[in-house]
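Each residue of the sequence shown is one higher than the last, beginning at 2 in the numbering used here. Yeah, the Cβ is synthetic: ideal placement off N, Cα and C, and Gly gets one too.
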Amino acid sequence: MSATATLAPPLSIDSPEGQLVLDQMLWPAGVPWPEGQVELLAEIGKADANALLRQWGHPLGPWQRPFGAQFWGLAVDGEAAAVAVSGSTVGATSAGFKRREVVELGRIARAPQHPGVMRVMLRLWRDYLAQRWERDYWPVKAAVSYALPGKTGNLYRFDSWKCLGTVKPWTYTGGYSNPSAANRIGDGLKRLYVYEYANRPL
């Protein structure tokens, strides 16, 4: 984080527990913004990301995997607009890659009042945030994500991700043993999407 980073105002959201105020976040410094405006994108804490996922009713709920993750927030006019979670895959392989070759977009969600921001957040994550996984973990050759059961995954398809077909529900009962919450949605079949950085368009 740059020593010249600026401190963004806290973001307030409503939750079943009452109003929550997100921790103040340091926003990356760079080309100066007009006075009074707030930079849009920053890494946030797990608690803040999960509060937003709950507030916005993500079907899979908060992020609870006990291994590596990064959490990213997008703000518009000083208010939270979208969130994305980067994570290590559950399985030892995914989309033909080993675990230590990929990063998973484990959650992506938006505020109801920003219906068009999901594509923006996906592109930002794909082109910038996914590859910051290397900072804390390992370099990535590809990004993977899943369309929830009953969804075609057009968000990914329109963003040049490749669909590898449906994936059976997670049912493993040892070690990290919680079955995927997606199992309780429809038939539980998710569509696996991959974005390979070697095939990235110019």
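Note the first and the last residue of the continuous alpha helix (DSSP H) segment covering residue 135.
Segment 134 to 137, the alpha helix (DSSP H) holding residue 135.
Under the assumption that residue 103 contacts residue 148 (Cβ atoms under 8 Å), give the Cβ distance between them as a whole number of angstroms.
In fact, because the Cβ distance is near 17 Å, the residues do not count as touching under 8 Å.
What do you reckon, are the CB atoms on residue 61 and residue 119 nearer than 8 Å?
no
Which of the three DSSP states, helix, strand or coil, is assigned to residue 47?
helix
Unbroken beta strand (DSSP E) runs of length 3 or more, entirely within the segment 40 to 104: which are they?
Runs of the beta strand (DSSP E) spanning 3 or more residues and lying entirely within the segment 40 to 104 occur at 42 to 44, 70 to 77, 80 to 88, in chain order.
Assuming the contact rule is C-beta atoms closer than 8 Å, residue 86 and residue 107 should be a hit. Round their C-beta distance to whole Å, please.
At roughly 5 Å, the Cβ-Cβ gap stays under 8 Å, so residue 86 and residue 107 are in contact.
Does residue 112 come out as helix, strand or coil in the three-state DSSP assignment?
coil
Mind reading off the beta-carbon distance from residue 110 to residue 57? Whole number of angstroms is fine, and I expect it under 8 Å.
5 Å
Just checking my contact of residue 124 with residue 164 at CB under 8 Å: how many whole Å lie between their CB atoms?
Contact flag wrong, Cβ pair sits at about 18 Å.
Looking at the structure shown, is residue 141 part of a helix, part of a strand, or coil, going by DSSP?
Residue state, collapsed to three classes: coil.
Whose C-alpha, out of 50, 95, 114, 66, is nearest the C-alpha of residue 84?
50
Pull up the distance between the alpha-carbon of residue 100 and that of residue 138, whole angstroms please.
11 Å
Please indicate yes or no: does the CB of residue 192 lie closer than 7 Å to some heavy atom of the ligand GTP?
As for the ligand GTP, it is missing from this structure, which has no ligand bound.
So, is residue 90 buried or exposed, given that buried needs 16 or more other C-beta atoms within 10 angstroms?
buried
Between which two residues does the beta strand (DSSP E) containing residue 165 stretch?
163 to 168
I need the DSSP call for residue 106, collapsed to helix, strand or coil.
strand
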